[in-house]
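Visitor:
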Amino acid sequence: MMPLKTTTGVLIGSLLLIGTIDPAAAGTIRYRERSSGSFHNTAIDTNGDTIPATLSLLTGKTSAGPMTGETLGEFRLFNPNTDTPSGECAVGTLEFPFVNGIGVNRFQDGSILVLAPQFSVLCLDPLTGTGIFVNRGVFQSRGSTKRFQGVSGSWETHGTVTGLVFTPTGEGVMGTVNFELNGNLILP
């Protein structure tokens, strides 16, 4: 019986070495990301309220390797008549609920990972032009490629924004963004 176990072990080890068995089999992995970059307003208005979507260009380090990314997101001003406060924004800040958006991360091997927010809120301090944001969403299989094809799972971010260029009415149109993302990435 002992030679059979040894032979089986050697066979499996050899198959792993020559690559016929993928050692990264299906399962859940912890996905962590630290990203920073810049944001600027666009001409895109996804809901017709005259508030444009914002494009962020990012670089970051993740548990899956270095990446570059883009996010496109649109927020709207909180309406006390129809909205319920998120509980994320401090007193004295303006709350902006999420309208629409998506994130796309590109990795050095050409893999793409798509992140789809389901909840997002931006809390801006109008006196300093700085803010915090919280996003919660899912890893989206549609659009994800190569090693992320068919993924699922959930994630959450916490980050900061700092306005650097403002309109005459005080709206930040360009600035910096920094955040940390944590999630569970489910590979097929």
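Everything in the sequence shown is counted per our numbering, starting at 1226 for the first residue and increasing by one.
All residues carry an ideal CB built from backbone N, CA and C; glycine is no exception.
Which same chain residues end up closer than 7 Å to Asp1308 when comparing Cβ atoms and leaving out the 5 residues on each side of it in sequence?
Guide: What you label residue 1308 is simply residue 83 of the sequence shown in a count that begins at 1. Taken in chain order, the residues that qualify are Pro1322.
Visitor: In three-state DSSP terms, what is Arg1372?
Guide: Position 147 of the sequence shown holds residue 1372. Looking at Arg1372 - three-state DSSP - the assignment turns out to be helix.
Visitor: Considering only the alpha carbon of each residue, which of Ser1261, Phe1300, Leu1280 lies closest to Thr1287?
Guide: Residue 1287 sits at position 62 when you count from the first residue of the sequence shown. Of Ser1261, Phe1300, Leu1280, the residue nearest in Cα terms is Ser1261.
Visitor: Return yes when the Cβ of Ala1315 is within less than 8 Å of the Cβ of Leu1196, no when it is not.
Guide: As displayed, the chain neither begins before 1226 nor continues past 1413, which places residue 1196 out of reach and without an answer.
Visitor: Would you grab the beta carbon distance between Gly1388 and Gly1397 for me? Rounded to a whole angstrom, and I think it's under 8 Å.
Guide: As a first step, residue 1388 must be located in the sequence shown, where it is residue number 163. As a first step, residue 1397 must be located in the sequence shown, where it is residue number 172. Going by Cβ atoms, the distance from Gly1388 to Gly1397 rounds to 3 Å, so yes, they are a contact pair.
Visitor: Please state whether DSSP places Gln1491 in a helix, a strand or coil.
Guide: There is no way to answer for residue 1491, as the model of the chain reaches only from 1226 to 1413.
Visitor: Quick check on the DSSP output: the beta strand (DSSP E) that includes Ala1341 runs from which residue to which?
Guide: Counted from its first residue, the sequence shown places residue 1341 at position 116. 1337 to 1350 is the span of the beta strand (DSSP E), which, as asked, contains Ala1341.
Visitor: Rounded to whole angstroms, what is the Cα-Cα separation between Leu1302 and Leu1319?
Guide: Along the sequence shown, one-based indexing puts residue 1302 at 77. Along the sequence shown, one-based indexing puts residue 1319 at 94. Rounded to whole angstroms, Leu1302 to Leu1319 spans 8 Å at the Cα level.
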